[in-house]
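A.B. asks: Before I ask anything, here is the structure I am working with.
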């Protein structure tokens, strides 16, 4: 049942993204930003964590989960360290993923010599 729920919820994310492409003039960057902000907003009110509990990987793998992680880190550090925690907390939880993306992107550029 977990696999089915993950598939359905992940598929719904894809349907929403495709509808945004088809019904608006948004670019992929706009859609990614919208998903990230929506995940952050849902995480801020506590709904995204409930969605992850319900759907598992169907909700934790899309880019909206990155927005949720940013907000969760900022809120937990803000509770511990005040206003400075808001700035430092969002990068504490997500810095590993961002660093890996930069390093692997660099390595791919070195190995495959991209054009452009």
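Residue numbers (our numbering): 172 to 287.
For glycine and all other residues, C-beta sits at the position ideal for the given N, C-alpha and C.
Using 10 angstroms around the beta-carbon of residue 233, count the other beta-carbons present and answer buried if the total reaches 16, otherwise exposed.
C.D. replies: Label assigned to residue 233: buried.
A.B. asks: Quick one: Cα of residue 200 to Cα of residue 206, how far?
C.D. replies: If you take the alpha carbons of residue 200 and residue 206, they lie about 10 Å apart.
A.B. asks: Can you name the start and end residues of the alpha helix (DSSP H) that residue 218 belongs to?
C.D. replies: Where residue 218 is concerned, the enclosing alpha helix (DSSP H) stretches over 218-226.
A.B. asks: If you draw a straight line from the C-alpha of residue 262 to the C-alpha of residue 236, how long is it?
C.D. replies: Those two C-alpha atoms are separated by around 14 Å.
A.B. asks: Contact defined as beta carbons within less than 8 Å: I believe residue 197 pairs with residue 190. What is the distance between those atoms, to the nearest angstrom?
C.D. replies: The pair is not a contact, with the Cβ atoms about 10 Å apart (cut-off 8 Å).
A.B. asks: Can you check whether the CB of residue 217 is closer than 9 Å to the CB of residue 240?
C.D. replies: For residue 240 and residue 217, no; Cβs fall outside 9 Å.
A.B. asks: With a Cβ-Cβ cutoff of 9 Å, do residue 177 and residue 209 count as a contact?
C.D. replies: No, they are not a contact pair.
A.B. asks: Below 9 Å between beta carbons: does that hold for residue 248 and residue 257?
C.D. replies: Their beta carbons are under 9 Å apart, which means residue 248 touches residue 257 by this criterion.
A.B. asks: If I follow the unbroken alpha helix (DSSP H) through residue 253, where does it start and stop?
C.D. replies: Counting along the chain, residue 253 falls outside any alpha helix (DSSP H), and DSSP gives it neither H nor E.
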